[in-house]
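Enquirer: Right, I'll just put the structure down here and ask away after.
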Amino acid sequence: TEFAAVGGYDLTLEGTRYLGADLGRRLSASGSGVAIETTAVAFVPHPPDGLYRLPAYGLASRPGETATARPDIAPAPARILWAAAHLPDRNRSGIDARHFEMIEALAGTGAEVVVWAEHDSGARPVGQDLSATGIRWVAPPPDHRWALGERAGPDRWLRDLLGGVAWDTVVIAEPRLAGWITPQIASIAPQARAVVDLGTARFVAPGAGDAPTDAIDSVLPRLDGIDGIVVATAADARVLGAGAPGLPAFVFTALGREPTTGGGPTGDLLFIGDLFHHPNRLALEWWMDAIAAPVEAHLGRPAPLRVVGHGADAHRAEWNHPRKVDIAGWQPDLSAEFARARVLVVPLTTVTGTGGRIAAALGHGVPVVASEPAAAVLPGDLAGLIDIGEDAAELAEKIVRLMSDDDAWEAARTRITAVDFGGRRAAQATALEDWRGRLTASPGADDGPIPTRRTRRARRRRRRAS
14 TEFAAVGGYD LTLEGTRYLG ADLGRRLSAS GSGVAIETTA VAFVPHPPDG
64 LYRLPAYGLA SRPGETATAR PDIAPAPARI LWAAAHLPDR NRSGIDARHF
114 EMIEALAGTG AEVVVWAEHD SGARPVGQDL SATGIRWVAP PPDHRWALGE
164 RAGPDRWLRD LLGGVAWDTV VIAEPRLAGW ITPQIASIAP QARAVVDLGT
214 ARFVAPGAGD APTDAIDSVL PRLDGIDGIV VATAADARVL GAGAPGLPAF
264 VFTALGREPT TGGGPTGDLL FIGDLFHHPN RLALEWWMDA IAAPVEAHLG
314 RPAPLRVVGH GADAHRAEWN HPRKVDIAGW QPDLSAEFAR ARVLVVPLTT
364 VTGTGGRIAA ALGHGVPVVA SEPAAAVLPG DLAGLIDIGE DAAELAEKIV
414 RLMSDDDAWE AARTRITAVD FGGRRAAQAT ALEDWRGRLT ASPGADDGPI
464 PTRRTRRARR RRRRAS
């Protein structure tokens, strides 16, 4: 009331954000007051290209719209909130790289995507990377109350964000967060569909099949109230389908960024991975114990594996084996690493990860030698592009061949560069948006909505009533 008395105007009274934005500019120019709510997360809409003012008072519209700018004539883009523990850094890990790809895929279909992070660790440079692609992000500053066991900091920011925008979908980047975020969605943004990305939750030995594991069993209780899941491989979809039948699942494969020229006949052996992820540490120990020596013996010279990744610096003293490993540590530009690499080596001993680093190498035209567990996270056609070893001896043999035989290396590279990765990315993005759209579709949609937690509960109530 006081604000209105001094000439202020509540922009939310306008029927569309375009009218509100236009009127806000006019009020500001005339010296009238404009309210800013400082205790909540707010979005200041930037006028889209083609927005113009009609001569009549207060009207703004896109070309081709009526003067009333009715939202049903120009439907608003889908609004998607991505909730994660931290902003995804595509140079940090394969998991982060895949998340970045998925965010870009969602935004590339025309959706408005906002990334919210539980913590702001390293947010500024990573946020700049997101901003460069046109994606907005929110990362709360550190709050001393977190140390007291309270969630007041991240909870408040997320609640404000959930309540301030009519979200169509909320994607939760990992199951650990689902336990406390899903109830917030249900109470504050019940119209939004909740989706959890599980990546590859399996930690199994090769040949173990698709039987549920302890890791899967620990995930299933966190999926209560979820409308859909995204996984990295078809095998994950089958395993989770057995544990949570009827829960819609989408397989999102890591395909890397737009490819650039990489790899060269005089390059290095390269390993990329987050060394705080235990399976990556085991992979390097296997390399040092059983693979490095036969590679050196067959080549007649040392061929140290260049180790790039978050946490690698912590192992410098422990892995002081210059003939076997060259600890490069975390590198901000992986494109430079791929440019100097001849072969990417992925000697994982368990099925884990999302294939993000393999996909990135393939996108750069770098041949890959991987163990069977590492190849298991790739779809069959992409797995056919890499050399797979069943044991240490076969891995060493394939590495030596690509390091010493230029014709074999060129043949492997030619197979890789013949793949239309850009077309695959575009097709996958379209399929993901179609799947997401069906989750949010009304019951009268042409193809019918995918059953969600709401429709499944309604069916159970009808069955009980009958």
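Under my numbering, the first residue of the sequence shown carries the number 14, and numbering increases by one thereafter.
Where is the CB? At the ideal position from N, CA and C, for every residue including glycine.
Here the structure is a predicted model, which means the values were calculated and not measured.
Are Ala383 and Val364 closer than 7 Å when you measure CB to CB?
Expert: Cβ atoms of Ala383 and Val364: not closer than 7 Å.
Enquirer: Rounded to a whole number of angstroms, what is the C-alpha to C-alpha distance between Ala341 and Gly324?
Expert: Cα to Cα, the separation comes out at about 10 Å.
Enquirer: If you draw a straight line from the alpha carbon of Gly436 to that of Leu268, how long is it in whole angstroms?
Expert: Their backbone Cα atoms lie some 10 Å apart in a straight line.
Enquirer: Ala186 to Ala98, Cα distance in whole Å?
Expert: Those two C-alpha atoms are separated by around 8 Å.
Enquirer: Near Arg319, what residues of its chain come up, given a Cβ to Cβ distance below 6 Å and the 5 sequence neighbours on each side ignored?
Expert: Asp281, Leu283, Asp339 and Ala341, listed in sequence order.
Enquirer: How many Å lie between Glu298 and Leu143 at the Cα?
Expert: Cα to Cα, Glu298 sits roughly 35 Å from Leu143.
Enquirer: Taking three-plus beta-carbon pairs below 8 Å as touching, is the region 112 to 124 in contact with the region 89 to 104?
Expert: The region 112 to 124 is in contact with the region 89 to 104.
Enquirer: Taking the straight line between their C-alpha atoms, what separation do you get for Ala424 and Pro392?
Expert: C-alpha separation (whole angstroms): 21 Å.
Enquirer: Out of Trp193, Met416 and Ala431, which has the shortest C-alpha to C-alpha gap to Val4?
Expert: Because the chain in this structure spans residues 14 to 479, residue 4 falls outside the shown range and cannot be described.
Enquirer: Round the Cβ separation of Val183 and Ala202 to the nearest angstrom and send it over; I've been treating them as touching at under 8 Å.
Expert: Val183 to Ala202, Cβ: 7 Å. Contact.
Enquirer: Beta-carbon separation of Pro90 and Ala145 under 7 Å?
Expert: Contact: no.
Enquirer: Which first and last residues belong to the beta strand (DSSP E) in which Asp447 is found?
Expert: That residue, Asp447, is in no beta strand (DSSP E); its alpha helix (DSSP H) goes Phe434 to Thr453.
Enquirer: Please state whether DSSP places Ile340 in a helix, a strand or coil.
Expert: Ile340: strand per DSSP, three-state reduction.
Enquirer: With the cut-off set at 7 Å, would you say Ala191 and Ile198 are in Cβ contact?
Expert: Result no, Cβ atoms of Ala191 and Ile198 do not sit closer than 7 Å.
Enquirer: Report the residue from Ala245, Leu236 and Gly177 whose alpha carbon sits nearest the alpha carbon of Gln441.
Expert: For the residues Ala245, Leu236 and Gly177, the minimum Cα distance to Gln441 belongs to Ala245.
Enquirer: Taking DSSP's pairing of strands, which residues face Gly212 in a bridge?
Expert: Val244, per the DSSP bridge assignment.
Enquirer: By alpha-carbon positions, which one of Ala179, Gln344 and Ala130 ends up nearest to Trp170?
Expert: Answer by Cα proximity: Ala130.
Enquirer: Assign Pro335 to buried or exposed, taking buried as 16 or more other Cβ atoms, counted over all protein chains shown, within 10 Å of its Cβ.
Expert: The residue is exposed, with fewer than 16 neighbouring Cβ atoms inside 10 Å.
Enquirer: Going by Cα to Cα distance, which pick from Thr195, Val264 and Asp237 is closest to Gly212?
Expert: For Gly212, the nearest C-alpha among the options comes from Val264.
Enquirer: Can you give me the Cβ contacts of Ala160 inside the same chain, cut-off strictly under 7 Å, excluding the 5 residues immediately before and after it?
Expert: Summary for Ala160: the model assigns pLDDT 49, below 50, so the residue's position carries little reliability, and this model does not support an answer.
Enquirer: With distance defined between alpha-carbon atoms, name the residue in Pro261, Gly238 and Arg414 nearest to Asp249.
Expert: Comparing Cα-Cα distances from Asp249 to each of Pro261, Gly238 and Arg414, the minimum goes to Pro261.
Enquirer: In angstroms, rounded to a whole number, what distance separates the CA positions of Asp404 and Asp102?
Expert: Using only the alpha carbons, I get a separation of about 32 Å.
Enquirer: Using C-beta distances below 6 Å, list every residue in its chain close to Gly286, excluding the 5 sequence neighbours before and after it, in chain order.
Expert: Asn293 and Gly322.
Enquirer: Report all residues from its chain with a CB closer than 7 Å to the CB of Leu233; omit the five preceding and five following residues, and keep chain order.
Expert: Within the same chain, Leu233 has close Cβ partners Gly256 and Ala257.
Enquirer: Can you check the region 285 to 363 for any alpha helix (DSSP H) of at least 4 residues that lies completely inside it and give the ranges in chain order?
Expert: Correct list: 291 to 299, 305 to 312 and 347 to 353.
Enquirer: Find out if the Cβ-Cβ distance for the pair Asp240, Leu445 is shorter than 7 Å.
Expert: No, the Cβ-Cβ distance between Asp240 and Leu445 is not below 7 Å.
Enquirer: Give the C-beta separation of Gly369 and Gly107 to the nearest angstrom, bearing in mind that I take them to be a contact with Cβ-Cβ under 8 Å.
Expert: Indeed they touch by this definition, with Cβ atoms about 3 Å apart.
Enquirer: Less than 7 Å between the beta carbons of Ala296 and Leu361, yes or no?
Expert: Yes, Cβ-Cβ distance for Ala296 and Leu361 is below 7 Å.
Enquirer: By how many angstroms is the C-alpha of Val126 removed from the C-alpha of Asp346?
Expert: If you take the alpha carbons of Asp346 and Val126, they lie about 25 Å apart.
Enquirer: By a C-beta neighbour count over all protein chains shown, 10 Å radius and 16 as the cutoff for buried, is His377 buried or exposed?
Expert: Buried, since its Cβ has 16 or more Cβ neighbours within 10 Å.
Enquirer: Just tell me which of Trp343, Lys337 and Ala310 has its CA closest to the CA of Asp326.
Expert: For Asp326, the nearest C-alpha among the options comes from Trp343.
Enquirer: Thr381 bridges to which residues according to DSSP?
Expert: According to the sequence displayed, residue 381 carries Val and not Thr. According to DSSP, Val381 bridges with Leu357.
Enquirer: Going by alpha carbons, who is nearest to Ser200 out of Lys411, Asp173 and Leu312?
Expert: Minimum Cα distance to Ser200 is reached at Asp173.
Enquirer: Per DSSP, which residues does Ile402 bridge with? Please list them.
Expert: Reading off the sequence, residue 402 comes out as Gly, not Ile. Paired residues: Ser384.
Enquirer: Classify Thr427: buried if its beta carbon has 16 or more other beta carbons within 10 angstroms, exposed otherwise.
Expert: Exposed: under 16 other Cβ atoms inside 10 Å.
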